[in-house]
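Read in order, the letters of the sequence shown are residues 3 to 296 in the numbering used here.
Just so it is clear, CB atoms sit at the ideal spot from N, CA and C, and this is done for glycine as well.
For clarity, every value in this text was computed on a predicted model and none was experimentally measured.
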Amino acid sequence: MHDLDSLQAFYRVGRAGGVGAAAREMKVTQPAISQRLRRLERAFGRKLYGMAGRRLVLTEEGRRLFAACRQAFDVLEAAGSAFTGRQETPLIGTVRIATLSELSKVFLLPQVRLFRLAHPGVAFDILYQQPYEIVSMISRHEVDFGITNEAYRRPQIELSRAFMESVVCVGPGPARRLSWDDVERLNWMAYGVDDPLWLEFQSLAAKRGARLPGLSLRVSDVESVLTLAAEGVGYALAPAHAVGLRKLRGLTLHTLPFSTIRKQIYFCRLKTVPLGRAGAAFLDHLKAACASFT
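As structure tokens, then:
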């Protein structure tokens, strides 16, 4: 059996999002946490965490272990509560969330289903919005929190990192590696009022002296872009998880003439208004789920 202290340290780091936060939760030093992680990696003979820039992230093997640990520690906590006779007041209420439609389908809705298995008294009101409107709704306290891919900085809004989303290029087949000459002459599509992927693409092209053509088409959502790309209407940038969700005949991935764009996904909420019990519990649940979602 593996060292339970090391497994707990591994799980707490993934759930809290870093060694420092896990050390504060467990009331031990950061070197003690790091030592337990190294001990666990030696025991398994493989890396469980790696670095993405300055951020600690789970490897593929680490994500599998984290999912198993989450189930095991949930059972242990429930057993402890039953043994001591402590019964928590059931969570009830409605959690209101604003998010992007593609993030809802690949990330949010599966977690809602899992959460409701444990807390059937909690209902959810999920609104699909563009990034700028998500932040506006939070500012007006129309939702409890939001999930977005754009970091709108406002004094009253608290942003916290969720996970990194890879971006891919989609279009009609056959698959090929695009040159900058190709990029300049192809028909490009974007979605939403202010597509951050298209804006970043323009910025990357400008840095390399390339001139992107104007958009040939703008539609309301990523699903429409993927459908049109599969039908041969044009090319577009889209989140990798959204593409993986839609198995459309004729939809092809193409290689861009630069390294992959990765977009940071954020949780955002109003600083001045505390979340209710149900909202706070679900946000904690989502943050733990992020450790195994990339």
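### Query
Would you call the CB atoms of E144 and P241 closer than 7 angstroms?
For this step, residue 144 is matched to residue 142 along the sequence shown. For this step, residue 241 is matched to residue 239 along the sequence shown. No. Outside cutoff.
### Task
Check K29 in the structure and name its three-state DSSP category.
Locating residue 29 in the sequence shown gives position 27, counting from the first residue. K29: coil per DSSP, three-state reduction.
### Task
Answer yes or no: do L277 and D146 have a C-beta to C-beta separation smaller than 7 angstroms?
As a working note, residue 277 is residue 275 in the sequence shown. As a working note, residue 146 is residue 144 in the sequence shown. With contacts defined by Cβ atoms closer than 7 angstroms, L277 and D146 form a contacting pair.
### Query
Excluding five sequence neighbours on each side, which residues of the same chain lie with their C-beta closer than 7 angstroms to the C-beta of A291?
On the sequence shown, residue 291 is found 289 positions in, with the first residue counted as 1. Answer for A291: Q113, listed in chain order.
### Message
Since L255 and V170 should fall inside the 8 angstroms C-beta cutoff, what is the C-beta to C-beta distance between them, to a whole number of angstroms?
### Response
Position 253 of the sequence shown, counted from the start, is the residue given in the question as residue 255. Position 168 of the sequence shown, counted from the start, is the residue given in the question as residue 170. With a Cβ gap of about 5 angstroms, L255 and V170 count as contacting.
### Query
So, is R178 buried or exposed, given that buried needs 16 or more other C-beta atoms within 10 angstroms?
In the sequence shown, residue 178 corresponds to position 176, counting from 1. Exposed is the call here.
### Task
Grab me the residues of A25's own chain with a C-beta within less than 8 angstroms of its C-beta, minus the 5 sequence neighbours each way, in chain order.
The residue labelled residue 25 in the question sits at position 23 within the sequence shown. If we look at A25 and ignore the five residues flanking it on each side, its Cβ neighbours are T31, Q32, A34 and I35.
#### Entry: Inside the stretch 118-152 only - beta strand (DSSP E) runs reaching at least 3 residues
Every beta strand (DSSP E) stretch that sits fully inside the stretch 118-152 and reaches 3 residues is listed by chain position as 124-130 and 147-150.
#### Entry: Inside the stretch 234-295 only - beta strand (DSSP E) runs reaching at least 3 residues
You should have 238-241, 254-256 and 264-272.
### Query
Comparing alpha-carbon positions, which option in G22, T257, A231 and E43 lies nearest L9?
Stepping through the sequence shown from its first residue, residue 9 is reached at position 7. Among G22, T257, A231 and E43, the Cα nearest to that of L9 is on E43.
#### Entry: Own chain, CB closer than 6 angstroms to F284, minus 5 neighbours either side, in chain order
As a first step, residue 284 is located in the sequence shown; it is residue number 282 there, counting from the start. Excluding positions up to five away in sequence, the list reads V97 and F117.
### Query
Just the Cα atoms here: how many angstroms apart are L111 and D286?
Against the sequence shown, residue 111 aligns to sequence position 109. Against the sequence shown, residue 286 aligns to sequence position 284. Rounded to whole angstroms, L111 to D286 spans 15 angstroms at the Cα level.
### Task
In the DSSP assignment, find the alpha helix (DSSP H) that holds Y13 and state where it starts and stops.
One-based indexing of the sequence shown puts residue 13 at position 11. Counting along the chain, the unbroken alpha helix (DSSP H) around Y13 starts and ends at L6 to A18.
### Query
Considering only the beta carbon of each residue, do G22 and A100 sit closer than 7 angstroms?
Your numbering for residue 22 matches position 20 in the sequence shown. Your numbering for residue 100 matches position 98 in the sequence shown. It is not a contact, given that the beta carbons lie outside the stated cut-off.
### Message
Could you compute how far the alpha carbon of P157 sits from the alpha carbon of G252?
### Response
Position 155 of the sequence shown holds residue 157. Position 250 of the sequence shown holds residue 252. Rounded to the nearest whole angstrom, the CA to CA distance from P157 to G252 is 45 angstroms.
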